[in-house]
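Chemist: One structure coming up, written as structure tokens, with questions to follow.
Protein chains in written order, with this note's numbering: chain G, 1 to 73; chain A, 74 to 251.
Pasting the structure below:
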């Protein structure tokens, strides 16, 4: 991967797995006493990782950007 | 132009960075925002202000790459003691995305800084390798020509010596004659 000068921004941007930040469907629980799925989903998505949280924010902004760009095209 | 040649009298003196007391600078203190979430919130708040967006659009129109802008913004955050370098590195991709969003919203043709600036240009290394190859080829051809010439000359020399030996006749008075 080319690194232009000392700026790490490009490498960081390319290495961040934005796909990890994509939203996953959470199935609604039916019973009143059924265990909530939030913890399970949180574990699966590895939200404790800061990079995953950043990727999640990024995916939201990217979606917004795509909407703007697709709206123009 | 004359102003450019003036000596910079307000430049820092060599070693000036070592004279300030330890902890006297913002980046030597504990950062204000310790987590990525806090830093993101800080930047999103700052970047959504109208004043910031107007300035950002102006800078983007000046063809300053997004990567450079993001790096500068996070570095300024570190210098102000807002967050650590580690948090800055984690936040940088988000800053890039935000900057590009602002650019897209303002319909500005910005330079993302992700394209190789040397793309399409002839590489110096390629020119050098071709030059070396050509030099080798020329040397090889010259070597072949030289060896051909020398072999021809040697053959001619051998032939002439043979002839000379054959034609040689004894000349002395006491020499034997067949």
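From the three backbone atoms N, C-alpha and C, an ideal C-beta is built for every residue, glycine too.
Using 8 Å as the threshold, is the segment 154–172 of chain A in touch with the segment 200–217 of chain A, meaning 3 or more CB pairs across them?
Modeler: Flag = no, the segment 154–172 of chain A and the segment 200–217 of chain A do not touch.
Chemist: Along the chain, where does the alpha helix (DSSP H) containing residue 160(A) start, and where does it finish?
Modeler: Unbroken alpha helix (DSSP H) run through residue 160(A): 158–178.
Chemist: In chain order, what residues of the segment 51–72 of chain G put their CB closer than 7 Å to some CB of chain A?
Modeler: Listed in sequence order: 51, 53, 54, 57, 58, 61, 62, 64, 65, 68, 69.
Chemist: Pair every Cβ in the segment 123–142 of chain A with every Cβ in the segment 171–190 of chain A, then say whether three or more of these pairs are closer than 8 Å.
Modeler: The segment 123–142 of chain A, when compared against the segment 171–190 of chain A, does touch it at the 8 Å Cβ threshold.
Chemist: With distance defined between alpha-carbon atoms, name the residue in 127(A), 79(A), 107(A), 161(A) nearest to residue 7(G).
Modeler: Out of 127(A), 79(A), 107(A), 161(A), 161(A) has the C-alpha closest to the C-alpha of residue 7(G).
Chemist: Report, in whole angstroms, the separation of the C-beta atoms of residue 113(A) and residue 151(A), which I expect to be a contact under 8 Å.
Modeler: In fact, because the Cβ distance is near 15 Å, the residues do not count as touching under 8 Å.
Chemist: Give every residue of the same chain whose Cβ lies closer than 7 Å to the Cβ of residue 99(A), excluding the five residues on either side of it in the sequence, and list them in chain order.
Modeler: The answer, listed in chain order, is 152, 153, 154.
Chemist: Is the Cβ of residue 169(A) closer than 8 Å to any Cβ of chain G?
Modeler: Chain G contact via Cβ: present.
Chemist: If distances are taken between C-alpha atoms only, which option among 32(G), 47(G), 55(G) comes closest to residue 17(G)?
Modeler: That would be 55(G), whose Cα lies nearest to the Cα of residue 17(G).
Chemist: What are the boundary residues of the alpha helix (DSSP H) that residue 80(G) is part of?
Modeler: Nothing can be reported for residue 80(G): it is not among the residues displayed for chain G, which extend from 1 to 73.
Chemist: Taking only beta-carbon atoms, is residue 113(A) less than 8 Å away from chain G?
Modeler: With 8 Å as the cut-off, residue 113(A) counts as an interface residue toward chain G.
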